[in-house]
Amino acid sequence: MFIKCNTIDLTIPFSTPSPLDVPYEVHTKVPIKSNSHTLVFAMDNEGGSIYFFGGFRVSGGNSIYRYSIKLDGWTEVTPVNGVIMPSESTTRVIGVKDSSNNNIYIFDNSTMYIYDALKKSLHISLDSAPYKIYYYATVMLNTGVIAYIGGSKAPNGNMSNIPMNEILTYDTYLSKWDIKNATVAHGAIPVPRQGHSASIAPDGRIFVYGGYDGNDNAIELNGSYPIFAVLELVSNEFVWSIPELIGLAGNFRIFHTSHVFENYLIVTFGQNKTNGRMSTIDLIDISNRDIYKFVTDFTPQGYVPPVPSSSSPPSSPSLNNIIIATVIGSVVGLVVVGCTFFLIRRYRHYKYRDVIPTS
1 MFIKCNTIDL
11 TIPFSTPSPL
21 DVPYEVHTKV
31 PIKSNSHTLV
41 FAMDNEGGSI
51 YFFGGFRVSG
61 GNSIYRYSIK
71 LDGWTEVTPV
81 NGVIMPSEST
91 TRVIGVKDSS
101 NNNIYIFDNS
111 TMYIYDALKK
121 SLHISLDSAP
131 YKIYYYATVM
141 LNTGVIAYIG
151 GSKAPNGNMS
161 NIPMNEILTY
171 DTYLSKWDIK
181 NATVAHGAIP
191 VPRQGHSASI
201 APDGRIFVYG
211 GYDGNDNAIE
221 LNGSYPIFAV
231 LELVSNEFVW
241 SIPELIGLAG
251 NFRIFHTSHV
261 FENYLIVTFG
271 QNKTNGRMST
281 IDLIDISNRD
291 IYKFVTDFTP
301 QGYVPPVPSS
311 SSPPSSPSLN
321 NIIIATVIGS
331 VVGLVVVGCT
341 FFLIRRYRHY
351 KYRDVIPTS
């Protein structure tokens with residue numbers, strides 16, 4: 001059994017209460033079975049591809065795979081400069097890319113791997129991180145600095161959650177690691193967590209969603225408070241805030257992915273084992289900086305309902321954004337291993353703009 005992939009069209013409205021209402025298309029034949037890997041879209045010589053790194057593999061495999069959107073197929077990737085990275089990661093990895101959309105950054109086992117999709121080369125940063133981190137969330141800031149938020153570390157062999165006021169950063173221009181202290185504007189510093197997500201808006205707001213205390217031996221997992229928090233870089237200082245969030249999320253969310261698209265935070269998780277479709281999508285309206293709210297209806301900006309015509313067939317949507325996510329979860333008590341999920345909006349002639357990086 002191979003991993004299944006899904007695409008969703010973000011050019012048309014949909015409602016989230018029923019997954020059947022969401023415009024999914026299910027794809028198959030990802031080369032390997034894996035979970036906790038990362039999928040990242042990057043610009044390359046073909047105009048743009050989706051790259052697959054890391055994860056916990058069922059049977060090894062290549063360290064990097066590429067999905068050609070143009071050809072609708074997967075191939076193994078071998079860096080031309082001979083540098084290699086482990087095919088399996090030590091934790092759930094999350095890849096980010098820089099503003100060029102060419103360079104992908106994968107952090108694992110205290111090592112930063114940098115893959116240049118345009119030159120097809122892999123590099124390893126000479127500066128090692130101050131410690132290994134596990135089950136973190138990460139975003140690429142507008143300054144070219146990668147922020148690693150939460151998760152756990154074991155500097156002395158004893159695993160412990162990382163305080164949320166401790167932000168590990170990597171400067172992609174200087175190839176340098178640092179640890180920043182975060183303060184709080186109002187409310188309290190969020191509770192430490194694992195299995196959460198982070199995504200960044202064009203204005204710099206970082207939305208942290210979900211997570212749990214990391215105690216896998218507990219009879220019942222405990223979600224982290226609050227379920228939703230905002231982190232911002234203000235005058236070169238990280239500042240937390242706990243805004244009002246209207247609506248009910250249901251159960252706490254872990255090991256999901258989230259992405260900012262227009263005025264929405266889109267959170268995807270869970271998968272139906274029978275048909276491979278997503279079980280749940282959370283939508284949060286982020287248009288108001290002071291008050292956020294759960295919504296069930298998604299409507300893209302500028303959407304104009306099509307006018308039915310009996311003389312011409314319906315036209316294909318103009319697609320221009322890509323969102324990629326990796327999902328693991330359980331459905332009806334069964335663990336879904338290595339489910340992948342990505343949302344694709346294609347632009348005519350396979351050229352892309354405004355590509356949203358994975359969380």
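Sequence positions in the sequence shown follow full-length UniProt numbering and run 1 to 359. Yeah, the Cβ is synthetic: ideal placement off N, Cα and C, and Gly gets one too. Bear in mind the structure is a predicted one, so any value in this text is a computation, not a measurement.
Looking only at its chain, what residues have a beta carbon closer than 8 Å to the beta carbon of valine 83, apart from the 5 residues adjacent to it on each side? The beta carbon of valine 83 lies closer than 8 Å to those of Ser121, Leu122, His123, Ile124 in the same chain, with the five residues before and after it left out.
In chain order, which beta strand (DSSP E) runs of at least 3 residues are fully inside the region 192-256? List check, beta strand (DSSP E) in window: 197-200, 206-209, 228-234, 237-241, 244-246.
Based on the DSSP output, what are the partners of asparagine 103 in its beta bridges? The partner list for asparagine 103 (beta bridge, DSSP) reads Asp116.
Residues near serine 315 in its chain [Cβ-Cβ closer than 6 Å; skip 5 each side]: Note that serine 315 scores 49 on pLDDT, short of 50, meaning its location in the model is unreliable; the coordinates nonetheless yield the value given after this. For serine 315, where only same-chain residues beyond five positions count, there are no Cβ hits under 6 Å.
So which of Asn62, Asn35, Pro31, Trp240 has the shortest CA-CA distance to glycine 73? Residue nearest to glycine 73 within the set Asn62, Asn35, Pro31, Trp240 is Pro31 (criterion: CA-CA distance).
Spatial neighbours of leucine 20 within its chain, please: C-beta separation below 6 Å, excluding the five flanking residues on both sides. So the list is empty, once near-sequence residues are dropped.
Can you tell me whether leucine 283 is helix, strand or coil according to DSSP? Residue state, collapsed to three classes: strand.
Assuming arginine 66 is part of the beta strand (DSSP E), what are its boundary residues? Segment 64-68, the beta strand (DSSP E) holding arginine 66.
Would DSSP call aspartate 44 helix, strand or coil? Secondary structure at aspartate 44: coil, using DSSP grouped into helix, strand and coil.
Going by DSSP, which residues form a beta bridge with asparagine 181? BP columns for asparagine 181 point to Glu166.
Could you tell me whether the Cβ atoms of serine 241 and alanine 185 are closer together than 8 Å? Between serine 241 and alanine 185, the C-beta gap is smaller than 8 Å, which places the two residues in contact.
Rounded straight-line distance, which links the Cα of glycine 60 to that of isoleucine 179: In a straight line, the C-alpha of isoleucine 179 is about 33 Å away from that of glycine 60.
Please report the residue range of the beta strand (DSSP E) in which threonine 75 lies. From DSSP, the beta strand (DSSP E) with threonine 75 extends over 73-76.
What did DSSP end up calling leucine 39 once you bin it into helix, strand or coil? Strand.
With serine 49 as the anchor, note down where its beta strand (DSSP E) starts and where it stops. DSSP places serine 49 inside the beta strand (DSSP E), whose first and last residues are 49-53.
Mapping the DSSP letters down to three states, classify leucine 141 as helix, strand or coil. Residue state, collapsed to three classes: coil.
Cutting at 8 Å between CB atoms, please list the residues of its own chain near proline 13, excluding the five before and the five after it. Cβ neighbours of proline 13 beyond the five flanking positions: Asp297, Phe298, Thr299, Pro300, Tyr303.
Buried or exposed (CB count within 10 angstroms, at least 16 for buried), asparagine 158: Exposed: under 16 other Cβ atoms inside 10 Å.
Which of helix, strand or coil does DSSP assign to aspartate 9? Reduced to three states, the DSSP call for aspartate 9 is coil.
Helix, strand or coil at leucine 20 [DSSP, three-state]: In this structure, DSSP gives leucine 20 a helical state, which the three-state scheme calls helix.
Less than 8 Å separating the beta-carbons of isoleucine 64 and valine 77? Going by C-beta atoms, isoleucine 64 is nearer than 8 Å to valine 77.
Among Asn101, Arg57, Met112, Lys293, nearest to serine 87 - alpha-carbon criterion: Among Asn101, Arg57, Met112, Lys293, the Cα nearest to that of serine 87 belongs to Arg57.
Which residue marks the beginning of the beta strand (DSSP E) containing isoleucine 133, and which one marks its end? For isoleucine 133, no beta strand (DSSP E) encloses it, and the DSSP letter there is neither H nor E.
Hey, how far is the Cα of serine 18 from the Cα of tyrosine 292? Serine 18 and tyrosine 292: Cα-Cα distance of roughly 22 Å.
Length of the line joining the Cα atoms of threonine 75 and serine 34: Cα to Cα, threonine 75 sits roughly 16 Å from serine 34.
Output yes or no for whether 8 Å exceeds the beta carbon distance between glycine 55 and histidine 37. For glycine 55 and histidine 37, yes; Cβs fall inside 8 Å.
Quick one: what's residue 378 bridged to in DSSP? Examination of residue 378 is not possible in this model, given that the chain is present from 1 through 359 alone.
Reference residue 360; option with closest CA among Ile146, Pro190, Met164: The structure shown does not extend to residue 360, since the chain is modelled only from 1 through 359, so no value can be given for it.
Can you give me the start and stop residues for the beta strand (DSSP E) that leucine 122 sits inside? It spans 121-124 - the beta strand (DSSP E) in which leucine 122 sits, taken as one unbroken run.
Taking the alpha carbon of lysine 132 as the point to measure from, which residue in Thr90, Ser287, Phe269 has its own alpha carbon closest? Closest by C-alpha distance to lysine 132, out of Thr90, Ser287, Phe269, is Thr90.
What does DSSP give as the partner residue(s) for asparagine 161 in the beta ladder? Ser152.
With a 10 Å radius around its C-beta and 16 neighbouring C-beta atoms as the bar for buried, classify arginine 289 as buried or exposed. Its Cβ having fewer than 16 others within 10 Å, arginine 289 is exposed.
Residues of its chain near residue 447, where Cβ-Cβ distance is below 6 Å and the 5 sequence neighbours each way are ignored: This structure cannot settle anything about residue 447, because the visible part of the chain is limited to 1 through 359.
Buried or exposed: which applies to valine 307, given that a residue is buried once 16 or more other Cβ atoms fall within 10 Å of its Cβ? Counting the other CB atoms within 10 Å of its CB gives valine 307 a total below 16, which places it among the exposed residues.
Check this for me: beta carbons of phenylalanine 252 and isoleucine 227, under 8 Å apart or not? Taking 8 Å as the Cβ cut-off, phenylalanine 252 and isoleucine 227 qualify as a contacting pair.
Assigned secondary structure, valine 93 (DSSP; H/G/I helix, E/B strand, else coil): In this structure, valine 93 counts as coil in the three-state DSSP scheme.
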